[in-house]
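First up is the structure itself, then whatever we jot down about it.
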Amino acid sequence: MVFVTAHANERFRQRGIRSKDIRYAVENGEIIEQYPDDYPYPSCLILGMSAKMKPIHIVMSDEGNSSRIITAYYPDMEKWETDLRTRKV
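Our numbering puts the sequence shown at residues -19 to 69.
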């Protein structure tokens, strides 16, 4: 089961990200970073595409029997390389 935090819902609204795009991106995306020491649960960064093929980054936590979407955003090209998988130094 996947839960969505109140923070994530607020960010979706602010950033114009639709729930169906999040669902599509999570189902078809790939994990590009892992954060095993995140508290209270390990999390990861997923690179996925919206239904209209726009890239989205999604942070999700792994809570054992469930997952939680923490936030999502459209990657900023000033912070990410063109592959959208690598952070600029």
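For each residue, glycine too, the CB sits at the ideal point set by N, CA and C.
Owing to the predicted nature of the structure, the values given are computational and were not obtained by experimental measurement.
- If you ignore the 5 residues before and after Y21, its C-beta comes within less than 7 Å of the C-beta of S41, D42 and E43, all in its own chain and listed in chain order.
- By the neighbour-count criterion, in which 16 or more other beta carbons inside 10 Å mark a residue as buried, D56 falls on the exposed side.
- Annotated three-state conformation of V6 is helix, per DSSP.
- In this structure, S23 keeps its C-beta atom at 8 Å or more from the C-beta atom of F(-17).
- Straight-line spacing of the CA atoms in N8 and G28 works out to 6 Å.
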